[in-house]
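Novice: Here it is: the structure, laid out below.
There are 2 protein chains.
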Amino acid sequence: MASMLFKQMTIIGVGFIGGSLALAAKRAGVVKTVVGYGKKRGDLHKAASMGAVDRYFLTLPKAVEGADLVVLATPVAAFEQIISAMAPYLKIGAVVTDVGSVKGELVYKMESLLSGRAFFVGGHPMAGSEKSGIQSAFPTLFGKALFILTPTSKTDKKAIEKVAALCKGIGAEVVKIDPIKHDQIMAVVSHLPHLVAYSLMELFFHPRLIKSDMLSFAAGGLRDFTRIAESAPNVWHDIFLLNKTAVVEAIDLYQETLEKMKKAILAAEKGDEDALFKILNNAKSVREKIRP
Amino acid sequence: MASMLFKQMTIIGVGFIGGSLALAAKRAGVVKTVVGYGKKRGDLHKAASMGAVDRYFLTLPKAVEGADLVVLATPVAAFEQIISAMAPYLKIGAVVTDVGSVKGELVYKMESLLSGRAFFVGGHPMAGSEKSGIQSAFPTLFGKALFILTPTSKTDKKAIEKVAALCKGIGAEVVKIDPIKHDQIMAVVSHLPHLVAYSLMELFFHPRLIKSDMLSFAAGGLRDFTRIAESAPNVWHDIFLLNKTAVVEAIDLYQETLEKMKKAILAAEKGDEDALFKILNNAKSVREKIRP
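Taken in sequence, the protein lines are chains A and B.
Counting with this note's numbering, you get residues 118 to 409 for the letters of the first sequence.
Counting with this note's numbering, you get residues 118 to 409 for the letters of the second sequence.
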């Protein structure tokens, strides 16, 4: 069992990720007490009955009182308001982290809102985005997952090392990366794939699509795209908006790639089959570099 | 056990689909003898040792001799040449079917090449496109899968009913659909999703992508796309080319949908969030209509 890192961890938003993190941290013995904060008493009660939280509050000041670690696990769009509301009640020197999928400018904003009171460490566990709700939480969610931390030049060294130790304690692999670069990378490896999957579903509403009971034939390739199209719309709405610059740039590059693919098909028809074969074979080489 | 439908079924191309079909048909008792044809003796020997074929030949005339059912299970691009080469050796009144992913004009061509000698029935089992090779074949592949048959006005009624009975015998659900419409539907529900997945991999070769070890972060959404990017490049090369009209049309509609998504993100930024929410919620409604 890992050593105790925090006496009191307060989870703001005890849903799937927040709840899983609480269960994992308790099981690993890296936190002593977990306090939950949320808007729905029923969810908090469920979290308590699952052993994810030791006690819970529906008011922010009480929830963060005495915490040496506060984890933001609500939708990202709510972070700024929550930080502003809770800052005056934080213990001096507390560590605040988050589990949001977007970092970038938000990290600098959080850092400045907490400046002089608490230490902010941006975090992003890459795990299970399509699930939601405390009822789906489980303690092994982070096992072997990447847990990205996004230090800036102002990040407190001790704070980030304690958060990193917690991440490792729950079985995750920690990677540190600049917050802006994080968003550029995520736009390509995560946000674009989600957008692509959503768009494949939206295609079925295209007015020029031939009228047919297409979806009853959708057993093939399409089904693989549906897991991520199950992800909560409000979560992805926020992600696409908060990372819009990098996401729109990724869409543009992807459109160019689709155009290249289309040209390769038309070129192959005229006898030049190299371009199409090259693209299809490239796919294999990329796949082999992706973590299993 | 279903009743015997064919005395001798010859499989042309004993790979993953052909081998699985042979194993399934024998197990269901709907064929008495299975004969294999292929180019590699090792693969045919493996098929025999697995019990998929009772005997095999490396020459087409011998393989089809006496068969009352011949199944084309090679890559689609080879069909025309194979049909032409084997036609003179077919038993009069034999049934010829195939398991190719593209139908359309090809069905009319096969039909005319066999006219007066044998009956052609176009077939397309929707199962397991990413696997390949006889070593991966298994008899339950078609259980609950859709098996599409593509009759034309010239299709022999008795022939198609016997093929349909075989499909049902191996556990598949039979759907009959016009060959041209089949290709239009497949372009959207299967070929486009494969192309989209291949393109997401190809994106990593885009020269304007930021330089970074992106793929080590690809645990998220991207991984769901990799199963179909594992599909054999030569198979999909043929499919994209043979169905190029419908595939290129599907790419065009998809690009319009991505553009709509991009506009929705930019509109949401300016305060109009309805369009983006609508797309994300639509995705859910589509997913629910897709066969599990």
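For each residue, glycine too, the CB sits at the ideal point set by N, CA and C.
On a predicted model such as this, the values are computed, not experimentally measured, just so you know.
Verify the CB distance criterion: does K379(B) have a CB-CB separation below 8 angstroms to chain A?
Specialist: Taking Cβ atoms only, chain A reaches closer than 8 angstroms to K379(B), which makes this a yes.
Novice: Does chain B have any CB closer than 8 angstroms to the CB of G338(A)?
Specialist: So yes, G338(A) belongs to the interface.
Novice: Can you give the Cα-Cα distance for F322(B) and D369(B), rounded to whole angstroms?
Specialist: If I take the Cα positions, the gap works out to 22 angstroms.
Novice: Under 7 angstroms Cβ to Cβ from K271(B), same chain only, skipping five residues before and after it: list those, please.
Specialist: Cβ within range, chain order: E228.
Novice: Please list the partners that Y315(A) has in chain B, where partner means a Cβ-to-Cβ separation under 9 angstroms.
Specialist: Per Cβ cutoff of 9 angstroms: M378, I396, L397, N399 and A400.
Novice: Pairing CB atoms from the segment 287-302 of chain B with CB atoms from the segment 216-224 of chain B, are three or more of them under 8 angstroms?
Specialist: With a cut-off of 8 angstroms, the segment 216-224 of chain B and the segment 287-302 of chain B count as touching, because enough Cβ pairs lie within range.
Novice: V131(A) and D160(A) - do their beta-carbons sit closer together than 8 angstroms?
Specialist: Yes, they are a contact pair.
Novice: Pairs of beta-carbons, one from the segment 136-146 of chain A and one from the segment 261-271 of chain A, closer than 8 angstroms: are there three or more?
Specialist: With the cut-off at 8 angstroms, the segment 136-146 of chain A and the segment 261-271 of chain A do not touch.
Novice: Short check: CB of L397(B) to CB of P350(A), under 8 angstroms?
Specialist: Against a cut-off of 8 angstroms, the Cβ pair of P350(A) and L397(B) comes out as a contact.
Novice: With three or more C-beta pairs closer than 8 angstroms as the rule, is the segment 367-385 of chain B touching the segment 385-401 of chain A?
Specialist: Counting Cβ pairs under 8 angstroms, fewer than three are found: no touch.
Novice: Give a yes or no on contact between the segment 345-361 of chain A and the segment 183-200 of chain A, applying the rule of three or more CB pairs nearer than 8 angstroms.
Specialist: Counting Cβ pairs under 8 angstroms, three or more are found: they touch.
Novice: Using beta-carbon positions only, say whether V72(B) and M167(B) come within less than 8 angstroms of one another.
Specialist: Residue 72(B) lies beyond the residue range present for chain B, which begins at 118 and ends at 409; the question has no answer from this structure.
Novice: Helix, strand or coil, according to DSSP, for D160(B) in the structure here?
Specialist: It is helical.
Novice: Between the alpha carbons of Y371(A) and A164(B), how many angstroms are there, rounded?
Specialist: Roughly 42 angstroms between the two C-alpha positions.
Novice: Given that a residue counts as buried once 16 or more other Cβ atoms are within 10 Å of its Cβ, and exposed if not, what is K279(A)?
Specialist: Per the 10 Å Cβ criterion, buried.
Novice: May I have the straight-line CA-CA distance separating A367(A) from E373(B), to the nearest angstrom?
Specialist: If I take the Cα positions, the gap works out to 16 angstroms.
Novice: Starting from the N-terminal side, write out each stretch of the beta strand (DSSP E) that is 3 residues or longer and does not extend beyond the segment 210-267 of chain B.
Specialist: Entirely contained in the segment 210-267 of chain B, the beta strand (DSSP E) runs reaching 3 residues are, in chain order, 211-215, 235-238, 240-242 and 263-266.
Novice: Are at least three pairs of beta-carbons, each pair with one atom in the segment 326-337 of chain A and one in the segment 399-408 of chain B, less than 8 angstroms apart?
Specialist: Judged by Cβ distances under 8 angstroms, the segment 326-337 of chain A makes contact with the segment 399-408 of chain B, as three or more pairs qualify.
Novice: By DSSP's criteria, T127(A) is part of a beta bridge. Which residues make up the other side?
Specialist: The partner list for T127(A) (beta bridge, DSSP) reads V152(A) and V187(A).
Novice: Under a Cβ-count criterion, where at least 16 other Cβ atoms within 10 Å of its own Cβ denotes burial, should G155(B) be classed as buried or exposed?
Specialist: When all chains shown are included, G155(B) counts as buried.
Novice: Based on the DSSP output, what are the partners of E290(A) in its beta bridges?
Specialist: The partner list for E290(A) (beta bridge, DSSP) reads L263(A).
Novice: Using CA coordinates, which residue listed in L320(A), I277(A) and C284(A) is at the minimum distance from P242(A)?
Specialist: Out of L320(A), I277(A) and C284(A), C284(A) has the C-alpha closest to the C-alpha of P242(A).
Novice: Scan the segment 331-384 of chain B and note each continuous alpha helix (DSSP H) run of 4 residues or more that stays entirely inside, going in chain order.
Specialist: The segment 331-384 of chain B contains these whole alpha helix (DSSP H) runs: 343-346 and 350-359.
Novice: Just the chain B side, please: which residues come within less than 7 angstroms of F322(A) by C-beta, in chain order?
Specialist: The answer, in chain order, is N399.
Novice: Say yes only if the C-beta of S253(A) is nearer than 7 angstroms to one or more non-hydrogen atoms of the ligand GDP, and no if none qualify.
Specialist: Looking for the ligand GDP in the displayed structure turns up nothing, as the structure carries no ligands at all.
Novice: Which chain A residues are close to P350(B), counting only those with a beta carbon under 8 angstroms from its beta carbon?
Specialist: Neighbours of P350(B) on chain A, chain order: F394, L397, N398, A400 and K401.
Novice: What residue from R325(B), L231(B), K226(B) and V216(B) has the CA that sits closest to Y206(B)'s CA?
Specialist: Here the closest residue by C-alpha is L231(B).
Novice: Within this structure, are the beta carbons of S249(B) and F342(B) separated by less than 8 angstroms?
Specialist: No. Outside cutoff.
Novice: For K149(A), which residues of its own chain have a beta-carbon under 8 angstroms away from its beta-carbon, when the five flanking residues on both sides are left out?
Specialist: Cβ within range, chain order: M121, F123, K124 and Q125.
Novice: Closer than 8 angstroms between beta carbons: that is the criterion. Which residues of the segment 256-267 of chain A meet it against chain B?
Specialist: For the segment 256-267 of chain A, which is checked against every Cβ of chain B, the residues closer than 8 angstroms are A262, L263 and I265.
Novice: Consider the Cβ of P192(A): report whether some Cβ of chain B lies at a distance smaller than 8 angstroms.
Specialist: False, the Cβ-Cβ gap to chain B never drops below 8 angstroms.
Novice: Which first and last residues belong to the beta strand (DSSP E) in which Y206(B) is found?
Specialist: That residue, Y206(B), is in no beta strand (DSSP E); it is neither H nor E in DSSP.
Novice: Among the residues of its own chain, which have a CB less than 7 angstroms from the CB of A410(B), if the five just before and after it don't count?
Specialist: Outside the displayed span of chain B (118 to 409) sits residue 410(B), for which this structure offers no information.
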